Amino acid sequence: MWRVRRELAVFKILGALACAGLAVYWWVDGDVRGVILAVPAAVLVGGMGLRDLIVPVRLAADQSGITVVHGFAGKRHVPWEAIRDIKVDVNRRWGRRSEILEIDTGDNLHIFSRHDLDAPPTEVAAALRRRGT
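Heads up, the sequence shown is in the working numbering, so the first residue is 8 and it goes up one at a time.
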């Protein structure tokens with residue numbers, strides 16, 4: 008079972024509260040442009056933090072297949088037979104390396120970052136390949 012770190016979810020919620028506080032401050036100050044920037048930021052970051060709290064487990068594997076988050080807070084079970092490919096996309100940009108886990112089920116492509124899994128995607132992909140065989 009791979010999940011989002013609780014600290015990351017709390018950090019997002021605190022960021023949303025800070026943006027909301029700035030929106031109120033700028034509203035009182037009469038700065039409409041600041042409010043226009045801060046309100047959508049508070050909603051977006053707050054929504055991401057809320058999703059992390061509601062559905063912290065992004066990917067789980069058992070004998071019958073995997074369970075992935077689908078949509079905002081839904082879950083979908085995918086049997087091992089329906090999984091076409093499990094791969095890790097590695098990108099290098101500006102001296103940094105990032106990895107994304109991609110699980111192809113034919114109908115859907117499920118994508119997970121290190122932040123979604125709280126583990127390196129290469130390790131998760133290897134564990135899934137071992138479990139699925």
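Glycine residues also receive a C-beta, built at the ideal position from the N, C-alpha and C atoms.
In this text the structure is predicted, and so the values were computed from the model without any measurement.
Residue i versus residue j: straight-line alpha-carbon distance, rounded
i, j, result
"residue 96", "residue 129", "9 Å"
"residue 83", "residue 38", "44 Å"
"residue 47", "residue 53", "10 Å"
"residue 133", "residue 28", "44 Å"
"residue 88", "residue 113", "11 Å"
"residue 75", "residue 67", "7 Å"
"residue 12", "residue 125", "6 Å"
"residue 55", "residue 118", "16 Å"
"residue 109", "residue 24", "32 Å"
Counted within 10 angstroms of its Cβ, other Cβ atoms place residue i as buried (16 or more) or exposed
i, result
"residue 79", "exposed"
"residue 31", "exposed"
"residue 9", "buried"
"residue 92", "exposed"
"residue 94", "exposed"
Option in the options with minimal Cα separation from residue i
i, options, result
"residue 16", "81, 61, 111, 113", "61"
"residue 116", "35, 124, 107", "107"
"residue 73", "86, 56, 27, 114", "86"
"residue 22", "49, 42, 40", "49"
Residue i in three-state terms, based on DSSP
i, result
"residue 47", "helix"
"residue 118", "strand"
"residue 68", "strand"
"residue 12", "coil"
"residue 25", "helix"
"residue 38", "coil"
"residue 123", "helix"
beta-carbon residue i near the ligand GDP non-hydrogen atom, thresh 6 Å
i, result
"residue 120", "Ligands are entirely absent from the displayed structure, and the ligand GDP is therefore not among its contents."
Self-check item: Complete runs of the beta strand (DSSP E) confined to the stretch 74-121 [at least 3 residues]
Solution: 81-86, 92-100, 103-111, 116-120
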